[in-house]
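Note sheet for the following structure.
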Amino acid sequence: MNPSSQLFHQGEEKLTTWNRPESKYNETHQQCFITWSQQLHVQYSTKPMPMIDDPRDILLKVTATTICDCNPNLCNKTMVYMDNGDILGHEFMGVIHRVGDQVTKLYVGQRVVVAFNIACGFCEYCQRQEYGVCDTIYSSKLQEKLHQQKKVTLFGHSCLKSAGLGGQAEYIRVPFADINCLPIPNDVPDDKALYLSDIIPTAFHGCHIGNVKEGSIVAIWSLGPIGLLQARWCQILGAKRIIGIDYVPKRLKIAHQSLQIETINVKECDTMKTLLEMVPGGADCSLQAVDFNYSKSLLYKDERSLQSTADMLIY
Ligand SMILES: [Zn+2]
Ligand SMILES: [Zn+2]
9 MNPSSQLFHQ GEEKLTTWNR PESKYNETHQ QCFITWSQQL HVQYSTKPMP MIDDPRDILL
69 KVTATTICDC NPNLCNKTMV YMDNGDILGH EFMGVIHRVG DQVTKLYVGQ RVVVAFNIAC
129 GFCEYCQRQE YGVCDTIYSS KLQEKLHQQK KVTLFGHSCL KSAGLGGQAE YIRVPFADIN
189 CLPIPNDVPD DKALYLSDII PTAFHGCHIG NVKEGSIVAI WSLGPIGLLQ ARWCQILGAK
249 RIIGIDYVPK RLKIAHQSLQ IETINVKECD TMKTLLEMVP GGADCSLQAV DFNYSKSLLY
309 KDERSLQSTA DMLIY
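Take 9 as the starting number for the sequence shown in the numbering used here and just add one per residue.
Below you can see the structure in the form of structure tokens.
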């Protein structure tokens, strides 16, 4: 068990405002889902269908879901502790199967994408549109102590108090549905809408907090799905130059040929020297789109302390 997990389990406290509910299940209807069962092991299982616990919930029939880049970190425990039987998946969409009595903006049969982070919509933070630190869903003092700041609560992550809710399932109960669901027009197919649950807005959010604007020179560290989407957002936001940095030939090719941005292959040169030759004054903004396992260098820590890099990590 990693040190954070150990501390978490030693000191797990009751939530004050949204106690992790004991989900109710419809024993007569079985559904299939993917669960974490032990380190490096997930399994396909069946379990009774969830039911609406709160009048603000909906029950969603999942039509599309993803395996996010962070799922391997959950499975190998490099990030947080998972409990046996936890349902995976924080990116998903579907068709509304049932609505609670107090849901006002949604109806049965409607297609919606669900945001990966769970928010209430009415607490002080949500009122400021800082949904990632919703006070109602998650008020853990222990997590604040561990991470020196409040942390987001996600579907599919038991340690972060997702109440066992995961999207790699046939059905999922979505709490506070009016605020957490985005209706999708019928002419937008699932394979386009699905990415609104996480990576498209996550990529945009990074550009926003990195202050990318008209005329910016931006360096994007890593050209995985988030990095490539950020390159596209930078173009939409009017960035003057976009330099993508990676070592995977396929990614560099997509960045160069499809997005027509400048690239640096870190395996072929001294990255910093090359970057400073390309941009003598340095980039206006660095976007960090690398898995957190890789971002441990002194340079990265310096960038963080100078607030000259924007992290895409949601944790
Ligand atoms: Zn994700
Ligand atoms: Zn809230």
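All C-beta atoms, glycine included, are put in the ideal place defined by N, C-alpha and C.
Environment of Pro-6 [buried if 16+ CB atoms lie within 10 Å] = This structure gives no information on residue 6, because the portion of the chain shown stretches from 9 to 323.
Confirm the yes/no value for this check: CB of Tyr-33, any heavy atom of ligand 2, distance under 8 Å.
-> The answer is no for Tyr-33.
Please specify which runs of the beta strand (DSSP E), each continuous and at least 3 residues long, are wholly inside the segment 172 to 205, giving them in chain order.
-> Entirely contained in the segment 172 to 205, the beta strand (DSSP E) runs reaching 3 residues are, in chain order, 179 to 182 and 189 to 191.
Enumerate in chain order the residues of its own chain whose CB-to-CB distance from Gly-290 is below 7 Å, with the five nearest sequence positions on each side excluded.
-> Excluding its 5 nearest sequence neighbours in each direction, Gly-290 has C-beta neighbours in its own chain below 7 Å: Leu-284, listed in chain order.
Cβ of Ala-185 within 9 Å of Cβ of Asp-77?
-> No, they are not a contact pair.
Given a threshold of 16 other Cβ atoms within 10 Å of its Cβ, counted over all protein chains shown, does His-165 qualify as buried or as exposed?
-> By the 10 Å Cβ count, His-165 comes out buried.
Alpha carbon to alpha carbon, how far is Lys-221 from Gly-246?
-> The straight-line gap from Cα to Cα measures roughly 6 Å.
Straight-line CA distance for Ile-225 to Tyr-255?
-> When only Cα atoms are considered, Ile-225 and Tyr-255 end up about 21 Å apart.
Can we count His-98 as close to ligand 1, meaning its CB is less than 8 Å from some heavy atom?
-> His-98 Cβ: within cutoff of ligand 1.
DSSP-derived helix/strand/coil call for Leu-284 = Leu-284 falls in the helix class under three-state DSSP.
Endpoints, the alpha helix (DSSP H) within which Ile-212 is located | The question names Ile, yet the displayed sequence has Phe at residue 212. Unbroken alpha helix (DSSP H) run through Phe-212: 207 to 217.
Report all residues from its chain with a CB closer than 7 Å to the CB of Gln-238; omit the five preceding and five following residues, and keep chain order.
-> Cβ contact annotation for Gln-238 (same chain, cutoff 7 Å, sequence separation greater than five): Ala-211, Gly-214, Cys-215, Ile-228, Leu-295 and Ala-297, in chain order.
Can Val-103 and Arg-119 be called in contact, C-beta distance under 9 Å?
-> The Cβ-Cβ distance between Val-103 and Arg-119 falls below 9 Å.
Just the residues with CB closer than 7 Å to a heavy atom of ligand 2, in chain order, which are they?
-> For ligand 2, residues qualifying as neighbours are Ala-127, Cys-128, Gly-129, Phe-130, Cys-131, Tyr-133, Cys-134, Tyr-139, Cys-142, Asp-143, Thr-144 and Ile-145, where qualification means a beta carbon closer than 7 Å to at least one of its heavy atoms (chain order).
With a floor of 4 residues, list each alpha helix (DSSP H) that falls wholly inside the segment 49 to 134, ordered by position along the chain.
-> Listed in chain order, the complete alpha helix (DSSP H) runs (minimum 4 residues) inside the segment 49 to 134 are 79 to 83.
Buried or exposed: which applies to Gln-51, given that a residue is buried once 16 or more other Cβ atoms fall within 10 Å of its Cβ?
-> It is exposed - the Cβ of Gln-51 has fewer than 16 other Cβ atoms within 10 Å.
Going by C-alpha distance, which of Gly-235, Gln-176, Val-121 and Thr-279 is nearest Ile-262?
-> Nearest of Gly-235, Gln-176, Val-121 and Thr-279 to Ile-262, Cα basis: Gly-235.
What residue from Glu-178, Gln-110, Gln-137 and Ile-192 has the CA that sits closest to Pro-63's CA?
-> Out of Glu-178, Gln-110, Gln-137 and Ile-192, the CA that lies nearest to the CA of Pro-63 is found in Gln-110.
Under 8 Å from any heavy atom of ligand 1, does the C-beta of Thr-43 make it?
-> Not so, every heavy atom of ligand 1 lies at least 8 Å from the Cβ.
Candidates Leu-162, Tyr-179, Val-287 and Ser-230, of which the one nearest Asp-206 by Cα = When only C-alpha atoms are compared, the closest one is Leu-162.
What do you reckon, are the CB atoms on Thr-112 and Cys-131 nearer than 9 Å?
-> Contact: no.
Around the C-beta of Cys-242, are 16 or more other C-beta atoms found within 10 angstroms, so that it is buried, or is it exposed?
-> Cys-242 is buried by the Cβ-count criterion.
Terminal residues of the continuous beta strand (DSSP E) containing Arg-249?
-> Note, Arg-249: beta strand (DSSP E), 249 to 254.
Helix, strand or coil: how does DSSP classify His-37 here?
-> Looking at His-37 - three-state DSSP - the assignment turns out to be strand.
Ile-60 classed as buried or exposed, judged by whether at least 16 other C-beta atoms fall within 10 angstroms | Buried, by the Cβ-count rule.
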